[in-house]
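Peer 1: Just so we're on the same page, my numbering is the position in the sequence shown counted from 1, plus 73.
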Amino acid sequence: MSKILKVGIIGVGGIARVHFPGWKDSPYAEVVALADPDPVALNRAAQEQGVPVRYERPADLIADPDLDIIDICTPNMYHMPLVVAALDSGKHVLCEKPLAPTPDEIRAMIEARDRSGKLLMTAQHFRFDGKTQALKAEIDNGALGTVYHARSWMLRRAAMPTRPGFLLRQHSGGGACIDIGVHILDLTLWMMGNPKPVTVTGVTGNKLVNQPGVFSIWGGRPPITPDVEEFAAAFVRFDTGATLILEVSWLLHHNTTGEDMQMWLYGERGGAHWPSNELLSTNYATQQLLNTQLQLTPTRMEPHALECMAFAEAVYHGQPSPVPAEQSLDVLSILDGLYRSAASGREIVLTM
Ligand SMILES: NC(=O)c1ccc[n+]([C@@H]2O[C@H](COP(=O)([O-])OP(=O)(O)OC[C@H]3O[C@@H](n4cnc5c(N)ncnc54)[C@H](O)[C@@H]3O)[C@@H](O)[C@H]2O)c1
74 MSKILKVGII GVGGIARVHF PGWKDSPYAE VVALADPDPV ALNRAAQEQG
124 VPVRYERPAD LIADPDLDII DICTPNMYHM PLVVAALDSG KHVLCEKPLA
174 PTPDEIRAMI EARDRSGKLL MTAQHFRFDG KTQALKAEID NGALGTVYHA
224 RSWMLRRAAM PTRPGFLLRQ HSGGGACIDI GVHILDLTLW MMGNPKPVTV
274 TGVTGNKLVN QPGVFSIWGG RPPITPDVEE FAAAFVRFDT GATLILEVSW
324 LLHHNTTGED MQMWLYGERG GAHWPSNELL STNYATQQLL NTQLQLTPTR
374 MEPHALECMA FAEAVYHGQP SPVPAEQSLD VLSILDGLYR SAASGREIVL
424 TM
């Protein structure tokens, strides 16, 4: 049986590769068209994936009347015009993270979404991991009570990306914050129940990238000198009174090989650690400290694939977006505040 929803992917580099299995496994959607201005990448992906229709101009894919869903996998700075054009041409849109590097671009996308009546989802794949889903269900069931403080970090040792799409602001819109900060920040806000951020104090830094001989375990010496931050830290206050301490880096003298991504959530009833999924509480009547290990929800597929499947299912059944753009707007408002605070040396009050 042919699948009902037809998908076109724009940008067929590294991340598109891990979206294909989700579209293949979805009972609702299949990829029928690809677009990329690089003809070598385009033809290779089309051949490998057996996709019949190819466009070198993304605008031609967006105009294709046979498509229902457009999956945007280009470098960050191209997300906004492509998302807006795709929504305006009546397509549902899944877009890679960050939805856009600035809050204003996300506001423009939300306006286009509301004009079109179509779905818009940010590809925050960590939300679809079995461990994450298990912890989120526990928190939604009240295991922690109100979460009043969180600490989260995504720290890498000698592990910065080496492609220009990540290292130059003209393509990426920012450095470690925009590349990996969005992952841990999205996850933390989601676990906290998406309180509204109200103030941010932050710093950014580039202490290691200019050291002679700097290298990345993912590609040796960067081919160009980045003009974006390698490190950032922030303190965020929310409208609920809750607070968050955030740290991100591509390069840090930190005891990890590759990546250390963690989150602590502290509530009135209990605490939790991700990704170990350990829950902590105290029985004050018996003065006992309680530590329990959450059982994992086994997932059949890799989270990038699951996010594509979840989007196809939501479109097919007319359900809300699994990752709404408003939640990505909060993430980018915090990062924008962090940058402004770093530049001014002051706390920034966010206007939402
Ligand atoms: N969720 C994740 O874990 C994850 C991991 C890596 C990258 N990403 C995101 O995916 C996006 C792409 O990253 P990548 O690693 O695949 O990059 P990439 O450089 O491997 O691939 C990007 C592709 O987009 C094409 N492209 C460039 N400009 C374009 C344009 N204007 N229109 C259409 N195509 C264009 C390039 O030719 C290339 O084939 C970024 O937004 C990045 O943040 C997400």
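Glycine is no exception: its CB is placed at the ideal position from the N, C-alpha and C atoms.
What are the residues that DSSP puts in a beta bridge with residue 222?
Peer 2: Partner(s): 316 and 339.
Peer 1: Mind checking which residues open and close the beta strand (DSSP E) that includes residue 364?
Peer 2: Looking at the DSSP string, the run of the beta strand (DSSP E) that includes residue 364 is 361-366.
Peer 1: Give me the Cα-Cα distance between residue 439 and residue 114, rounded to the nearest whole angstrom.
Peer 2: This structure leaves residue 439 out entirely; the chain is present only between 74 and 425.
Peer 1: Flag this pair as yes or no: are the beta carbons of residue 260 and residue 199 separated by less than 9 Å?
Peer 2: Result yes, Cβ atoms of residue 260 and residue 199 sit closer than 9 Å.
Peer 1: Could you check whether the Cβ of residue 265 sits closer than 9 Å to any Cβ belonging to chain B?
Peer 2: Structure shown: chain B not included; a single protein chain is present.
Peer 1: Please report the straight-line C-alpha distance between residue 244 and residue 299, rounded to a whole angstrom.
Peer 2: Taking the straight line joining both Cα atoms gives about 11 Å.
Peer 1: Quick one: which unbroken alpha helix (DSSP H) runs of 4-plus residues sit fully inside the region 368-401? Chain order, please.
Peer 2: Those alpha helix (DSSP H) runs which fall completely within the region 368-401 and span 4+ residues are 376-390.
Peer 1: Tell me whether residue 121 counts as near ligand 2, meaning its Cβ is closer than 8 Å to at least one heavy atom of that ligand.
Peer 2: Here the bound small molecules are ligand 1; ligand 2 is not part of this structure.
Peer 1: Return the Cβ separation of residue 331 and residue 236 in integer angstroms, given the expectation that the two are a contact with Cβ distance under 8 Å.
Peer 2: In fact, because the Cβ distance is near 17 Å, the residues do not count as touching under 8 Å.
Peer 1: Check this for me: beta carbons of residue 108 and residue 139, under 9 Å apart or not?
Peer 2: In this structure, residue 139 does not lie closer than 9 Å to residue 108 by Cβ.
Peer 1: Hey, is residue 250 close to ligand 1, as in C-beta under 8 Å from one of its heavy atoms?
Peer 2: Result no, Cβ not under 8 Å from ligand 1.
Peer 1: Which residue comes first and which comes last in the beta strand (DSSP E) that contains residue 347?
Peer 2: Residues 344-347.
Peer 1: By Cβ distance, which residues of its chain are closer than 8 Å to residue 403, with the 5 residues on each side in sequence left out?
Peer 2: Closer than 8 Å at Cβ, skipping near neighbours: 262, 267, 269, 270 and 425.
Peer 1: Going by Cα to Cα distance, which pick from 221, 173 and 180 is closest to residue 311?
Peer 2: Closest by alpha carbon: 221.
Peer 1: Report the option in 333, 272, 419 and 410 whose CA atom is closest to the CA atom of residue 247.
Peer 2: Per the Cα distances, 410.
Peer 1: I believe residue 371 touches residue 203 by the beta-carbon criterion, under 8 Å. Please report the beta-carbon distance rounded to the nearest angstrom.
Peer 2: Confirmed, about 6 Å.
Peer 1: Cutting at 7 Å between CB atoms, please list the residues of its own chain near residue 366, excluding the five before and the five after it.
Peer 2: The residues are 350 and 351.
Peer 1: My output table needs one value for residue 270: the three-state DSSP class, helix, strand or coil.
Peer 2: In the structure shown, residue 270 sits in a strand (DSSP, three-state: E or B).
Peer 1: For the putative contact between residue 155 and residue 131, defined by C-beta atoms under 8 Å, what is the C-beta separation to the nearest angstrom?
Peer 2: Correct: roughly 6 Å between the Cβ atoms.
Peer 1: Tell me which same chain residues have a C-beta within less than 6 Å of the C-beta of residue 183, skipping the five on either side of it?
Peer 2: Same-chain partners within the cutoff: 398.
Peer 1: Spell out a yes or no on whether the region 111-127 and the region 146-153 are touching, meaning 3 or more CB-CB pairs, one atom from each, closer than 8 Å.
Peer 2: Judged by Cβ distances under 8 Å, the region 111-127 makes no contact with the region 146-153, as fewer than three pairs qualify.
Peer 1: Taking 8 Å as the cut-off, does the CB of residue 169 come closer than this to any heavy atom belonging to ligand 1?
Peer 2: Yes, ligand 1 has a heavy atom inside 8 Å of this Cβ.
Peer 1: Output yes or no for whether 9 Å exceeds the beta carbon distance between residue 181 and residue 150.
Peer 2: No.
Peer 1: Is residue 280 helix, strand or coil when you go by DSSP?
Peer 2: If DSSP states are grouped into helix, strand and coil, residue 280 belongs with coil.
Peer 1: Are residue 85 and residue 96 touching if we call contact CB-CB under 9 Å?
Peer 2: No, the Cβ-Cβ distance between residue 85 and residue 96 is not below 9 Å.
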